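The block underneath contains the structure these notes are about, expressed in structure tokens.
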Amino acid sequence: MQPLSLGLALLGLRAAVAQDIPVGRSTLTLTTDEDSRLRSFTVYRPDPAARRASASEVYGLVLMFHGLSQSASVMLDSYEGVDQADWYNFVAVSLQGILTPHRGPATAWNVGNCCAGNEDDGYATADVEFARDVVDYVTSRLTIDPARIYAMGFSNGAWMTYR
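Counting in numbering that gives the first Met the number 0, the sequence shown runs from 0 upward without gaps.
See the structure below:
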């Protein structure tokens, strides 16, 4: 089944899906207002029934940023995001960087003067705004404990967590 695109405007972003975040793994997209790029992210939501918890359970949220030339899917799989999310009851969200001409055909994050452009070269990407939009998207659909929102990353993605 493909997501239904309704052009929904919500909290400063236009989401390409108009449904709740399902239990399990799914890849979703949204367009940020900041730079009008269609961006994707992979979400893993633990199954409350497996934990014998209520459907309205409060989750933590972990944003995951991949390294240079990697992908959201690889990041989620490589760092045991699914197993850890089940064990510690958090929603794992692995964001996808964009292809950048600066490093050849490689996905990257805008971490200032490296990798996915910057203000000086006219190719800056709004990665911080993308991350904020994803947090807004997830927290508007699931009950997330604001004291349990974290970010982690590998290499270029680790730099992104400092932004």
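Note that the Cβ used here is the ideal one computed from N, Cα and C, for glycine as well. Computed from a predicted structure; not experimentally measured.
Residue i - partner residues in DSSP beta bridges
i, result
"I148", "L60"
"S93", "T41, M63"
"L98", "T106"
"I143", "Y58"
Where the alpha helix (DSSP H) containing residue i begins and where it ends
i, result
"G156", "155 to 160"
"G80", "80 to 87"
"D132", "126 to 138"
"D76", "71 to 77"
Residue range of the unbroken beta strand (DSSP E) whose run includes residue i
i, result
"L29", "23 to 31"
Neighbourhood of residue i by C-beta, 7 Å cutoff - its chain only, sequence neighbours within 5 removed
i, result
"T160", "F64, A150, M151, G152"
"S154", "G66, L67"
"M0", "Residue placement at M0 cannot be trusted, given a pLDDT of 36 that sits under 50; what the coordinates show is reported in the next sentence. Cβ neighbours of M0 beyond the five flanking positions: none."
"V73", "H65"
"A130", "L62, L94"
Close beta carbons around residue i, own chain, < 6 Å, minus the five adjacent residues each side
i, result
"V22", "R44, D46"
"V110", "W158, M159"
"S25", "V42"
"D85", "P45"
"R147", "G59"
"R162", "V127"
Own chain partners of residue i with C-beta closer than 8 Å, once the 5 adjacent residues on each side are dropped
i, result
"D19", "R140, L141"
"Y87", "G59"
"G80", "Y43, V61, M63, M74, A91, S93"
Three or more C-beta pairs closer than 8 Å, one from the segment 27 to 37 and one from the segment 56 to 65: is that the case here?
no
Take every Cβ of the segment 129 to 148, pair it with every Cβ of the segment 79 to 98, and state whether three or more of those distances are shorter than 8 Å.
yes
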